[in-house]
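S.K.: Protein chains in written order, with this note's numbering: chain A, 1 to 162; chain B, 163 to 324.
Even for Gly, the Cβ is constructed at its ideal location relative to N, Cα and C.
Take a look at this one; I'll ask things after.
There are 2 protein chains.
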Amino acid sequence: MIFSSKAEYGVRLMVELGRQAPQGLPDDVPDTAPLHPTSLKALADAEGLPLAYLEQVVARLRKAGLVMSARGAHGGYWLARPAEEIAMYEVVQALEGAIAPMDCFVSEHTDRVLCSHEPDSGRGCATKLLWTRVQGGIIRSLQTTTLAELVEFSRRQDRVPA
Amino acid sequence: MIFSSKAEYGVRLMVELGRQAPQGLPDDVPDTAPLHPTSLKALADAEGLPLAYLEQVVARLRKAGLVMSARGAHGGYWLARPAEEIAMYEVVQALEGAIAPMDCFVSEHTDRVLCSHEPDSGRGCATKLLWTRVQGGIIRSLQTTTLAELVEFSRRQDRVPA
DNA sequence: AGCTAAACCGACCCCCCTGGTAGGATTTAG
DNA sequence: CTAAATCCTACCAGGGGGGTCGGTTTAGCT
């Protein structure tokens, strides 16, 4: 229960978009819309997820500049960058907000009782050391995983049906 | 918002108990109750946390065999093992349950729609690869941090009041 | 023996956030 | 003009986190 389903769904969307993206063709015109963007309906069907909810999810990805969109008939979504250049850290952060293992990490000015150990003075509590390490572990694993890896993995899985 | 406050409070308790434990005296009778166990009331006051709630938290630590207790007057809690031999992974796991970055990780038989990508066949979804890495990052950071480190850190902080 | 400090236990409760729905407005290909 | 799509805002139900309360047992002290 660490990440919410927004992260799950969002990552799925990204992987699916990565699969749609034309591979092999190296360095042709970037940043331009593909001929056939993928509609959210198609993605929802492919993954068996509720369309209306995915709208909210994909909106976050768009606002974060990870995907681009075209409106109107035959509109849809595509990756704003090649999958190799997208670290999963960006994706998860866009979906979940800041990666903080504990509440008192997010914003310093939420004077909850949680960080009662540092009432006024900014002297760090012992737990902070621990959560910092955990946070580091999470971020490192997300930084070093690219969307391309997941897409690659997904393609391999297809080839082994049974 | 990754870990709940149970983890925060529980870790605090453990650190506090580690501070109480007699240091320096090496290898005297282990596993025996100290002369003056620390009452939960004292811990609650020291940390400014609600006593009644801490009871639930410390119960988890006790059931996990991390702390021991004595009932009755002048009763209280103490570490079941020296702090050097307690990995924070055990502590957090006792408090939070299994460390799983996503719901479908906890128990395999919760056939939610979450893991719709593997409806019947056990073919791993691409997201699973990602969550596995994240989980690894978290666990590694928790395994390599001992309670003794946090206690040490906490003691250092004391010496620098301003 | 009896008082009191403590651990123990289980039931209860409130609020917020997650996960999801509903309904519309806007854009654009054909 | 119409259908297909993105976009936007409001709404809602349920569950779990974060506690509280009351009572029972244990054990030291006088």
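Please check the pair A/L147 and A/G18, which I expect to be a contact at CB under 8 Å, by giving their CB distance rounded to whole angstroms.
M.R.: Rounded, the Cβ-Cβ distance is 5 Å, consistent with contact.
S.K.: For B/P188, does the three-state DSSP call read helix, strand or coil?
M.R.: Legend: pLDDT at B/P188 = 49, less than 50; position of this residue unreliable, value from coordinates given subsequently. Coil.
S.K.: What did DSSP end up calling B/T308 once you bin it into helix, strand or coil?
M.R.: Note: B/T308 maps to strand in three-state DSSP.
S.K.: Quick check: is the beta carbon of A/K6 nearer than 9 Å to any beta carbon in chain B?
M.R.: With 9 Å as the cut-off, A/K6 does not count as an interface residue toward chain B.
S.K.: Smallest Cα separation from A/L43: which of A/A70, A/G76, A/R155?
M.R.: Ranking the options by Cα distance to A/L43, first place goes to A/G76.
S.K.: Taking DSSP as the reference, what is the three-state secondary structure of A/L43?
M.R.: Reduced to three states, the DSSP call for A/L43 is helix.
S.K.: If we cut at 9 Å on Cβ distances, does B/R174 have a partner in chain A?
M.R.: Yes, contact with chain A.
S.K.: From the DSSP secondary-structure annotation, give me the bridge partner or partners of B/L241.
M.R.: In DSSP, B/L241 forms a bridge with B/V229.
S.K.: Please go through the same chain and pick out, in chain order, the residues whose beta-carbon is closer than 6 Å to the beta-carbon of B/M250, but skip the five residues on each side of it.
M.R.: Excluding residues within five positions, the ones whose Cβ falls inside 6 Å are L304, T307.
S.K.: DSSP three-state label for B/A288, please.
M.R.: If DSSP states are grouped into helix, strand and coil, B/A288 belongs with the helices.
S.K.: Within 8 Å, do at least three Cβ pairs link the stretch 123-133 of chain A to the stretch 55-66 of chain A?
M.R.: Too few Cβ pairs lie closer than 8 Å, so no.
S.K.: Kindly indicate which three-state DSSP category B/A169 falls into: helix, strand or coil?
M.R.: The answer is helix: DSSP assigns B/A169 an H, G or I state.
S.K.: Please list the terminal residues of the continuous alpha helix (DSSP H) segment that includes A/A73.
M.R.: Here A/A73 belongs to no alpha helix (DSSP H), and DSSP marks it neither H nor E.
S.K.: Could you tell me the alpha carbon to alpha carbon distance between B/E209 and B/K168, rounded to whole angstroms?
M.R.: Rounded to the nearest angstrom, the two C-alpha atoms are 14 Å apart.
S.K.: Could you work out which residues of chain A lie near B/S303, taking near to mean beta carbons separated by less than 7 Å?
M.R.: In chain order: R133, V134, G136, G137.
S.K.: Identify whether A/R133 lies in helix, strand or coil by the three-state DSSP scheme.
M.R.: It is helical.
S.K.: Is B/E314 buried or exposed, if buried means 16 or more other CB atoms sit within 10 Å of its CB?
M.R.: B/E314 comes out buried.
S.K.: With A/L13 and A/L54 assumed to form a contact (beta carbons below 8 Å), what rounded beta-carbon distance in angstroms separates them?
M.R.: With a Cβ gap of about 7 Å, A/L13 and A/L54 count as contacting.
S.K.: Could one say the Cβ of A/V151 lies closer than 9 Å to chain B's Cβ atoms, at least one of them?
M.R.: At least one chain B Cβ lies under 9 Å of A/V151.
S.K.: What does a CB cutoff of less than 6 Å around A/R159 pick up in its chain, not counting 5 residues either side in sequence?
M.R.: Around A/R159: no qualifying Cβ.
S.K.: Since B/V177 meets chain A, which of its residues come closer than 8 Å, beta carbon to beta carbon?
M.R.: Per Cβ cutoff of 8 Å: A126, T127.
S.K.: Which value, in whole angstroms, describes the spacing of the CA atoms of B/P199 and A/I138?
M.R.: Whole-angstrom Cα-Cα distance: 37 Å.
S.K.: Can A/V11 and A/L40 be called in contact, C-beta distance under 9 Å?
M.R.: No, Cβ-Cβ distance for A/V11 and A/L40 is not below 9 Å.
S.K.: Going by Cα to Cα distance, which pick from A/E8, A/A21, A/F3 is closest to A/A83?
M.R.: When only C-alpha atoms are compared, the closest one is A/A21.
S.K.: Thinking A/Q93 and A/I99 are a contact (beta carbons under 8 Å), I'd like their distance in whole angstroms, please.
M.R.: Sure, about 6 Å apart at Cβ, within 8 Å.
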